[in-house]
Ligand SMILES: [Zn+2]
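In this note's numbering, the protein residues as written are 372 to 828.
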């Protein structure tokens, strides 16, 4: 595995902490969570300016380790005789083997879990589920907690078994969801999805990353071996169990020597919602998609076999994108449909009017997406139709035109102005976020990783 695949991924940080803490006798589930939260919180707090020159290993200590030791110290002070552990249920586990791994040596607790109707839920856990427990140093159970899904439409619940004097009680409670922020890096060898798989990046995150950079990169044809990326995204967890991914918060893509960076920004209290911005504060939504074709795991496989672009800017004033019939075609910017219908050699044809006298045109479609009518509003990325070969087309492809004042021009030659620049206040807030993210991306450079991994592993 490449060093940069591992570095700063929360998974490896957690593993590292767990390993260390086992040696030092306390396994603190809440400590782990605390470290994760801190990581997330720091992601959005600007670092001190002088932090930029510190070596990577030092940064990691500054961010994570002191918080864990603080947490452990706090635990030791507050309840010096208690131990917390987290274990995953294994195939073939009995209640006895699970409790044993959790350090519980408590026959009364075991009997209670076997007999109490609520607590018995612990015995129905599937392999892989997390269970946390606290004991005293004699192994007596203080409390035990796990997550269950009770019925199809019911929310996820915690079962908590807790000591109640000499006895126990068990309750079900709604499980709180915790958000973590993860950072991962990848290196392109063959395809984007091979790289994201290799870096353990979930598909919804990979897809968001593609969308985030699709005004800069045509993922079907622009990727090169050796391209790299970093991505920061939310994940949601319940009691140590992964629930789902959330939003991609920031990303960096180094494509063919060019670095593209993007960050999610939403002004607090804004009703318009957030969006992705370049690190210069320019909204990426104001630019046009580099390719109107939808990129997916499936189309990426297709592109490995057959290069999709027939030609670049051509005499006939358009760009042709070859693709299989039925490939979704997206609006390359926000706008209003100006023409939907059949028009001579263009076949099934759509023209979208954008701002500033910009318009885009899409020809040879096999069919239109439902609801496409003159005057309808579309947003960037909306599917408007599907690739075909209607009109004068020798094979299935998308003929795409970018027009200024109704005259087709080379889209690569047009410098699109930023329609709505940020206010000074917005920009200040934005810079607080991007300053920190840029710093983190700088720390994820491969050569620095090598130093950092050598010092720890
Ligand atoms: Zn054409």
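In this text, a Cβ means the ideal position worked out from N, Cα and C, and glycines have one as well.
Task: With 16 other Cβ atoms within 10 Å as the buried cut-off, status of residue 613 - done: Residue burial is scored here from C-beta neighbours: residue 613 has fewer than 16 other C-beta atoms within 10 angstroms and is therefore classed as exposed.
TODO: Evaluate residue 495 with the Cβ neighbour count: other Cβ atoms within 10 Å of its Cβ, from every protein chain shown; 16 or more gives buried, anything less gives exposed.
DONE: By the 10 Å Cβ count, residue 495 comes out exposed.
Task: Residue interval of the beta strand (DSSP E) (run including residue 612) - done: 612-626 is the extent of the beta strand (DSSP E) around residue 612.
Task: Status (buried if at least 16 other CB within 10 Å, exposed otherwise) for residue 706 - done: So residue 706 counts as buried.
- [ ] With hydrogens ignored, establish whether the beta-carbon of residue 589 is closer than 7 Å to any heavy atom of ligand 1.
- [x] Residue 589: no, Cβ never under 7 Å from ligand 1.
Open item on the list: Which of the three DSSP states is assigned to residue 543 in this structure?
Closed with: Correct three-state label for residue 543: strand.
Task: Segments assigned beta strand (DSSP E), at least 3 residues, entirely inside the region 746-808 - done: Within the region 746-808, the complete beta strand (DSSP E) segments of 3 residues or longer fall at 754-757, 768-775, 778-780, listed in chain order.
- [ ] Would you mind stating whether residue 517 and residue 501 have Cβ atoms separated by less than 8 Å?
- [x] In contact: residue 517 and residue 501 (Cβ atoms closer than 8 Å).
Open item on the list: Nearest by alpha-carbon distance to residue 743: which of 481, 722, 617, 529 is it?
Closed with: Nearest to residue 743 by alpha-carbon distance, out of 481, 722, 617, 529, is 722.
Task: One or two residues paired with residue 476 in a DSSP bridge - done: Per DSSP, none; premise fails for residue 476.
Task: Coarse secondary structure for residue 743, derived from DSSP in three states - done: Coil.
Open item on the list: Assuming residue 554 is part of the alpha helix (DSSP H), what are its boundary residues?
Closed with: Residue 554: not part of any alpha helix (DSSP H); member of the beta strand (DSSP E) spanning 549-558, first to last residue.
Task: Buried or exposed by the 16-neighbour rule on C-beta atoms within 10 Å, applied to residue 550 - done: Per the 10 Å Cβ criterion, exposed.
Task: Cross-strand partners of residue 470 (DSSP beta bridge) - done: Paired residues: none, contrary to the question.
TODO: Would you decide whether residue 474 is buried or exposed? Buried here means 16 or more other CB atoms lie within 10 Å of its CB.
DONE: In summary, residue 474 is buried, with 16 or more beta-carbon neighbours lying within 10 Å of its beta-carbon over all protein chains present.
Open item on the list: To the nearest angstrom, how far is the alpha carbon of residue 599 from that of residue 627?
Closed with: Taken atom to atom, the span from the alpha-carbon of residue 599 to that of residue 627 is near 9 Å.
Task: Same chain, Cβ closer than 8 Å to residue 593, five either side skipped, listed in chain order - done: Only 626, 627, 661 meet the Cβ criterion.
Task: Reference residue 761; option with closest CA among 800, 717, 799 - done: The option with the nearest alpha carbon to residue 761 is 717.
- [ ] Run the proximity test for residue 691: is its beta-carbon closer than 7 Å to any non-hydrogen atom belonging to ligand 1?
- [x] The nearest non-hydrogen atom of ligand 1 is less than 7 Å from the C-beta of residue 691.
- [ ] Let me know the secondary structure DSSP gives residue 710 once reduced to three states.
- [x] Strand, per DSSP.
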